[in-house]
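Residue 186 in my numbering sits at position 30 of the sequence shown, with consecutive numbering throughout. Backbone N, C-alpha and C fix where the C-beta goes; we use that ideal spot for every residue, glycine too. These figures come from a predicted structure and were not determined experimentally. Presented below is the structure to which this report refers.
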Amino acid sequence: MTSGTRAWSRYVFPCAGVEIASRKRDSGAFRRGDFVHPVLPALAVGTGMTVTTAHLLRSATIEAIAALHIALARGRGIGEGRVIRRHALRNALLSVVTIFALESTFVLEGAAAADRVSGWRGAA
């Protein structure tokens with residue numbers, strides 16, 4: 157057993173030990189490892205796009221809050237939460253959805269690379 161502060165990482169992010177699919181199919185039993193092994197390739201594929209999308213959403217929301225129609229909505233007495241949800245986020249999401257659609261091709265390419273590296277088809 158691994159000792160130290162990172163002993164938990166062996167169980168959360170296993171890098172080896174995937175069984176052959178035909179062997180699992182014969183026994184018919186699924187174990188905890190069957191659900192844990194795809195976690196690391198999925199994190200490798202999704203993390204980059206998540207960070208980029210969150211940064212873009214933050215920047216677009218800050219820019220939308222500075223717009224004139226947001227000041228007018230606040231002047232009408234609409235609550236701050238409603239102003240941000242109904243007016244600022246609605247305008248900010250236009251650019252985020254566009255970039256998200258363009259970046260989805262990179263996620264598919266990353267999934268192919270993660271499958272190749274992890275050696276487990278369909279892992280990401």
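### Task
Determine, using beta carbons only, whether L212 and V253 come nearer to each other than 8 Å.
Counted from its first residue, the sequence shown places residue 212 at position 56. Counted from its first residue, the sequence shown places residue 253 at position 97. Not in contact: L212 and V253 (Cβ atoms no closer than 8 Å).
### Query
Relative to the C-alpha of L245, which residue among F262, T203, A257, A223 is closest?
Translated into positions along the sequence shown, residue 245 becomes position 89. When C-alpha distances from L245 are compared across F262, T203, A257, A223, the shortest belongs to A223.
### Buried or exposed (CB count within 10 angstroms, at least 16 for buried), L264
Here residue 264 refers to the residue found at position 108 when the sequence shown is read from its first residue. Label assigned to L264: exposed.
### Query
Of the residues T208, N247, R230, L199, which one's Cα is nearest the Cα of E259?
Numbered from its first residue, the sequence shown carries residue 259 at position 103. Per the Cα distances, T208.
### Message
Could you compute how far the alpha carbon of V273 sits from the alpha carbon of F256?
### Response
Counting from 1 along the sequence shown, the entry for residue 273 is found at position 117. Counting from 1 along the sequence shown, the entry for residue 256 is found at position 100. Rounded to the nearest whole angstrom, the CA to CA distance from V273 to F256 is 25 Å.
### Task
Determine the DSSP secondary structure at A235, reduced to helix, strand or coil.
Residue 235 sits at position 79 when you count from the first residue of the sequence shown. Looking at the sequence shown, residue 235 is not Ala but Gly. Look at G235 here: in three-state DSSP terms it is coil, with no helix or strand label.
### Query
Using DSSP with H/G/I as helix, E/B as strand and the rest coil, what is A222?
On the sequence shown, residue 222 is found 66 positions in, with the first residue counted as 1. Here A222 sits in coil by DSSP.
### Through-space distance from D271 to R232, alpha-carbon basis
Translated into positions along the sequence shown, residue 232 becomes position 76. Translated into positions along the sequence shown, residue 271 becomes position 115. Roughly 54 Å separates the two Cα atoms.
### Task
Tell me whether S178 is buried or exposed, calling it buried when 16 or more other Cβ atoms sit within 10 Å of its Cβ.
The residue labelled residue 178 in the question sits at position 22 within the sequence shown. Note that S178 has pLDDT 46, beneath the 50 cutoff, so the model's placement of it is unreliable and no number is given.
### Query
How should L196 be labelled, buried or exposed, when 16 other C-beta atoms within 10 angstroms of its C-beta is the threshold for buried?
Here residue 196 refers to the residue found at position 40 of the sequence shown. Classification of L196: buried, given that the 10 Å Cβ count is 16 or more.
### Task
Use the C-beta contact count for H243: other C-beta atoms within 10 angstroms, 16 or more gives buried, fewer gives exposed.
As a working mapping, residue 243 is identified with position 87 in the sequence shown. Burial is judged here by how many other beta carbons sit within 10 angstroms of a residue's own beta carbon; H243 has at least 16 and is buried.
### Task
Count the other C-beta atoms from every protein chain shown that fall within 10 angstroms of the C-beta of A268, then say buried if there are 16 or more, exposed otherwise.
Position 112 of the sequence shown, counted from the first residue, corresponds to residue 268. So A268 counts as exposed.
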